[in-house]
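Engineer: This is the structure I want to talk about, given as C-alpha cells.
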Amino acid sequence: MKKLFFSFLFVAFAVIPYGLKAQNIEKQKDSNVAFVKAVDKFMEVSGAKTTVKTQFPLVMNSLRRALKGVPDEIIAKIEDKAQVIFVKKAVEFYAPFYERYYTLEEIKKLIVFYETDLGRKVARTAPLIMKDVYQAGEQLGKLVRQEIIEELKAEGYDMNKL
1 MKKLFFSFLF VAFAVIPYGL KAQNIEKQKD SNVAFVKAVD KFMEVSGAKT
51 TVKTQFPLVM NSLRRALKGV PDEIIAKIED KAQVIFVKKA VEFYAPFYER
101 YYTLEEIKKL IVFYETDLGR KVARTAPLIM KDVYQAGEQL GKLVRQEIIE
151 ELKAEGYDMN KL
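Counting in full-length UniProt numbering, the sequence shown runs from 1 upward without gaps.
This is the structure we're talking about:
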C-alpha cells in the first residue's frame, strides 16, 4: 500500500499543472549545477520561492481529493517533506526558463540587486503591485467593454441579439 501511495504521489506531482507551457525535458537535465544554484538563490532573494510555496497547498488539496481513501493523518505526515521536494523540484524545473533569457552572470547581478534595500523592497512589493494591476486591468476591461457596447449601439446593433 505504501509503494502504491508513494507511486501515486510521485505521479501526482509530475502531472499537476504548474501553469507552464511544455518544455524540452532534456534541456532541464542539461542545466548546469552552478546555474541551478544561482537560480535557487535568485528565487529566494526575489521572493519567487515564496510564491512557489503558496502553490503547494493547491497541490496538496488536489492530492487529497485524488486520494480520498488515504487518511488525512497519513498525508499530513508527508506534507512537510513533500513541500521541501516541491520547492526543490520547482527550482530545477524553472531554471531552464531563466537560462533561456539570462546568463549566469546576469542572474548573479540580479541576486546582488535583490540583496540591496531597493531589491528587497521590489521583492516585497511586486506581488502587491501585481494584485493592484490585475484589479485595475479588470476595471479597464469593463470600461473598454462598455465603450465598445456603446459604439455598437450607436451603429445600430441590438445588443440583446448578440
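Think of the CB as a built atom: it goes at the ideal place given N, C-alpha and C, for glycine as much as any other residue.
1. In terms of residue numbering, what span does the alpha helix (DSSP H) encompassing G47 cover?
2. Buried or exposed: V33, going by 16 or more other Cβ atoms within 10 Å of its Cβ?
3. On the criterion of 16 or more Cβ atoms from any shown chain inside 10 Å, does E99 qualify as buried, or is it exposed?
4. How should V144 be labelled, buried or exposed, when 16 other C-beta atoms within 10 angstroms of its C-beta is the threshold for buried?
5. Give me the residue from A90, A66, N61 with the minimum Cα distance to V52.
6. Can you list, in chain order, the residues of its chain whose CB lies under 7 Å from that of D40, leaving out five sequence neighbours each side?
7. Label L43 either buried or exposed according to how many other C-beta atoms from any shown protein chain fall within 10 Å of its C-beta, with 16 as the threshold for buried.
8. Keeping to the same chain, check which residues put their C-beta closer than 6 Å to that of Q28; ignore five residues upstream and five downstream.
9. In the structure shown, what three-state DSSP assignment does Y94 receive?
10. Quick one: residues in its chain with C-beta nearer than 7 Å to the C-beta of L104, no 5 flanking neighbours on either side, listed in chain order?
11. What is the DSSP secondary structure of L152, reduced to helix, strand or coil?
12. Residues in its own chain within less than 8 Å of E79 by CB, not counting five upstream and five downstream?
13. At what residues does the alpha helix (DSSP H) containing E115 begin and finish?
14. Enumerate in chain order the residues of its own chain whose CB-to-CB distance from F56 is below 7 Å, with the five nearest sequence positions on each side excluded.
15. Within 10 angstroms of its Cβ, does Y94 collect 16 or more other Cβ (buried), or is it exposed?
16. Beta carbon of residue 224, beta carbon of I107: below 8 Å?
Structural biologist: In short:
1. Per DSSP, G47 is not a residue of any alpha helix (DSSP H), being assigned neither H nor E.
2. Classification of V33: exposed, given that the 10 Å Cβ count is below 16.
3. Under a 10 Å Cβ-count criterion, E99 is classified as buried, with 16 or more other Cβ atoms of the shown protein chains found around its own Cβ.
4. Burial call: exposed.
5. Out of A90, A66, N61, the CA that lies nearest to the CA of V52 is found in A90.
6. Cβ within range, chain order: V91.
7. Residue identity differs from the one stated: residue 43 is Met in this sequence, not Leu. Counting Cβ neighbours within 10 Å, M43 comes out buried, since at least 16 surround it.
8. The pLDDT assigned to Q28 is 49, lower than 50, so where the model puts this residue is not dependable; a value taken from the coordinates is nonetheless given after this. Cβ neighbours of Q28 beyond the five flanking positions: P96.
9. DSSP places Y94 in helix when its eight states are reduced to three.
10. The beta carbon of L104 lies closer than 7 Å to those of A34, F35, A38 in the same chain, with the five residues before and after it left out.
11. Helix.
12. The beta carbon of E79 sits closer than 8 Å to the beta carbons of M60 from its chain, once the five residues preceding and following it are set aside; these are given in chain order.
13. Taken as a continuous stretch (DSSP letters only), E115 belongs to no alpha helix (DSSP H), as it is neither H nor E.
14. Cβ within range, chain order: Q83, F86.
15. Here Y94 is buried. Its C-beta has 16 or more other C-beta atoms within 10 Å.
16. Absent from the model: residue 224. The displayed extent of the chain is 1 to 162, so no value can be given.
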